[in-house]
Structure formats: structure tokens, C-alpha cells
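A short worksheet on the structure shown next.
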Amino acid sequence: MKLTYTIQPNDNFFNVKELLKLKFQISDRLLVKLKKNKKIWLNSTPTFVDSRLKPFDIVEILIDFEEKSENIIPTQMDLNIIYEDEYYIVINKPSGIAIHPSILHYTDSLANGVKFYFEQKNIKKKIRPINRLDKDTSGIVIFAKNEYIQEFLVKEMKKNTFFKEYIAVCEGMFESKIGTINLPIGRKENSIIERCVCSDGDIAITHYNVLKSLKNTSVVHVTLETGRTHQIRVHLSNIGHPILGDTLYGNPSSVINRQALHAYRVKFIHPITGLNVEYIATIPSDIKSIIK
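For the sequence shown, the numbering used here assigns the number 10 to the initial residue and increments by one for each residue that follows.
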């Protein structure tokens with residue numbers, strides 16, 4: 010991957026470093042790596058970051074490092090790829106699969122499957138997931154193909170220009186069809202997994218819109234302003250409408266064997282083209298059978 014910029018007469022970039030920081034928002038960490046590997050070029054020649062710039066100079070940043078994810082074992086999987094380009098890959102994750110390897114999921118996480126896929130495509134890159142989903146939540150997961158794209162998309166999420174939408178099937182009937190839950194979330198005392206609403210927790214804001222009312226259940230469209238661990242599950246449970254099948258924050262279900270939560274759609278600005286992009290993950294059959 011290469012970033013290129015031609016200096017314009019009205020630009021005020023003092024030197025190469027200023028261009029990289031202001032125009033491309035390259036982090037200090039990545040800048041050190043680029044300098045060390047001589048990946049910054051000025052007019053087709055490797056250059057220093059303190060080099061002065063003049064109109065019509067051409068600056069190129071070569072972000073093409075070969076990387077290894079040494080701790081991730083490649084495992085063949087049938088990945089449901091929604092979209093892929095040279096910058097990132099968008100996958101519809103099924104329920105029951107963790108994103109990251111762990112002691113319990115050392116070889117069967119989504120990262121293991123992406124590692125195998127990358128090796129088959131001769132993509133020598135680290136595995137860089139952008140967003141998180143719980144093991145039993147299905148839907149969109151994005152993996153960046155280099156450090157620059159990862160940093161860009163993570164910044165978008167922090168600036169709230171990265172929109173995530175979910176579909177949930179909840180217990181009970183909502184009194185209000187549209188609402189906002191603004192309750193802080195923190196870790197539950199004596200638990201490393203469970204979260205709860207607590208006064209000293211982190212700010213957490215969830216918006217919901219009831220799409221359909223069924224017998225003793227509701228189909229809800231959910232969007233987030235923040236991204237706390239288990240945020241949707243904790244918030245909906247707190248207002249008396251736990252997600253169907255969520256045994257951690259609600260009750261077991263006879264119609265689904267996991268929480269009925271699906272990361273349905275994402276919208277963000279493409280890191281390179283600057284265009285607004287949108288990706289949709291098909292609703293899986295176990296949730297579809299409930300809401301049909």
C-alpha cells in the first residue's frame with residue numbers, strides 16, 4: 010500500500026513530518042517504523058522527515074511491511090466474506106466463534122481463520138480486528154490489513170463517524186417504541202466477565218427502536234454512541250428487556266441457544282477513497298426463524 014501526496018502552492022506544510030502528521034494523521038509509533046525502514050520518499054528518493062517541502066514535490070509513504078502473527082495458528086474456516094480490498098476485509102461472523110484466540114479457543118477463533126485465509130492469499134500481515142463482538146453474537150467484524158488502516162478506523166470509532174447497527178430480539182413488550190438508555194457501565198464486583206450498571210462506571214449510551222412486536226418478545230434496532238463491553242446486553246437487561254437467550258444477563262430460551270443479537274450493519278468513511286461505505290451482514294437463520 011502506498012500513500013501519495015503532491016505539494017500544492019497554497020499548502021503550509023513545513024517539512025515531511027508535518028505533512029505526515031497533519032495530512033495523513035500518522036501516529037508517532039508508525040512514523041518511527043517508517044523512518045527505520047526507509048519507507049518515506051520525496052520525489053522518488055528515500056528522504057528524512059525533516060526535509061523541507063516546496064510546491065509540486067511528491068511525497069510517498071510505503072506502508073508495505075511484511076509482518077507475522079506468530080502467536081496465531083492458521084486454521085481453515087469457511088469465512089463469510091462480505092467485502093475485501095487491499096486495505097481491509099469485512100466478515101459476517103457466525104455465533105459460537107470468538108474473535109481472538111484464548112486458552113479455550115486457541116485454534117478455532119475467527120483470527121485463526123483469517124490467518125489461514127491470509128496465508129493462502131500470500132498476505133503477510135498481522136491480524137488486526139477493528140471491532141469486537143462477543144463469542145455468541147453474530148455479525149460484522151472488520152480486519153485491517155496494515156497498521157495505518159487500523160489506526161484510521163479506530164480513530165473513526167472514537168470520533169463517532171463509524172456507525173454500528175444491531176438487531177436484537179428481546180423479552181417482553183416495550184412501553185416506548187423509541188428510546189435512549191444513558192447509564193454508566195462497569196465491571197461487576199468479583200467477576201472478570203460480567204458487567205453491570207454502576208454509578209462509578211464508564212459513560213454508556215444506547216439508542217433503540219422497536220421494529221416489531223411479537224408474542225412476549227420484541228424485535229429491536231439498536232445503535233451505540235459508546236462501545237462498552239456487553240453494553241447492549243447490560244442496558245436492555247437493566248430496563249427489563251434482556252435479549253432472548255442471554256443466560257448471563259437474562260434467561261435461557263427454548264427457541265434459540267445463544268443471545269439473539271446480530272451486528273447487522275456498519276457505515277464509515279473509507280480510509281483511502283474518503284467515500285462513505287456501508288456493509289450489511291445477512292441475519293442468521295436462528296434469529297430469522299424467530300422474527301419471520
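In this text, a Cβ means the ideal position worked out from N, Cα and C, and glycines have one as well.
Item	Value
So, is E75 buried or exposed, given that buried needs 16 or more other C-beta atoms within 10 angstroms?	exposed
Consult DSSP for A272 and reduce its assignment to one of helix, strand or coil.	strand
Run through DSSP, which three-state label would D295 get?	helix
So, V58 versus I49, is the Cβ gap smaller than 8 Å?	yes
P18: buried (16+ other C-beta within 10 angstroms of its C-beta) or exposed?	exposed
How about the region 76-90 and the region 157-164: do they share at least three Cβ pairs that are nearer than 8 Å?	no
Leaving aside the five residues before and after K221 along the sequence, list all residues of the same chain whose C-beta is less than 6 Å from its C-beta, in chain order.	V228
For the beta strand (DSSP E) containing R196, name the first residue and the last one.	I194 to R196
Is the beta carbon of N52 closer than 8 Å to that of I70?	no
Which residues in the same chain have their Cβ closer than 6 Å to the Cβ of H279, if we skip the five residues on either side of it in sequence?	V286
For the pair the region 97-113 and the region 144-161, tell me if three or more CB-CB distances fall below 8 Å.	yes
With C-beta atoms as the reference, is I106 less than 8 Å away from L119?	yes
Write down the C-beta distance between K186 and N218 rounded to the nearest angstrom, noting that I regard them as a contact closer than 8 Å.	7 Å
Does S262 come out as helix, strand or coil in the three-state DSSP assignment?	coil
Mind reading off the beta-carbon distance from T226 to L253? Whole number of angstroms is fine, and I expect it under 8 Å.	6 Å
Which whole-angstrom value is the C-beta distance of N169 and E234, which I expect to be below 8 Å?	7 Å
Where does the unbroken alpha helix (DSSP H) through Y115 begin, and where does it stop?	Where Y115 is concerned, there is no enclosing alpha helix (DSSP H), given that its DSSP letter is neither H nor E.
Classify K124: buried if its beta carbon has 16 or more other beta carbons within 10 angstroms, exposed otherwise.	buried
Is the CB-CB distance between V231 and H250 below 8 Å?	no
DSSP on I289, reduced to helix/strand/coil?	strand
Could you work out which residue in E180, D211 and I300 is closest to G259 when comparing CA atoms only?	E180
So for Y126, helix, strand or coil by DSSP?	helix
Is it the case that the Cβ atoms of T256 and R204 are separated by a distance below 8 Å?	no
With a floor of 3 residues, list each beta strand (DSSP E) that falls wholly inside the region 164-246, ordered by position along the chain.	172-180, 187-191, 194-196, 204-206, 214-222 and 226-233
Could you tell me whether the Cβ atoms of I81 and V178 are closer together than 8 Å?	no
For E75, write down the residues that DSSP places opposite it in a beta bridge.	Answer by DSSP bridge pairing: none, since E75 is not bridged.
Using only CA atoms, which one of N46, K32, K197 and L28 lies nearest to S60?	L28
Taking a contact to mean a Cβ-Cβ separation below 8 Å, would you say F277 touches F171 in this structure?	yes
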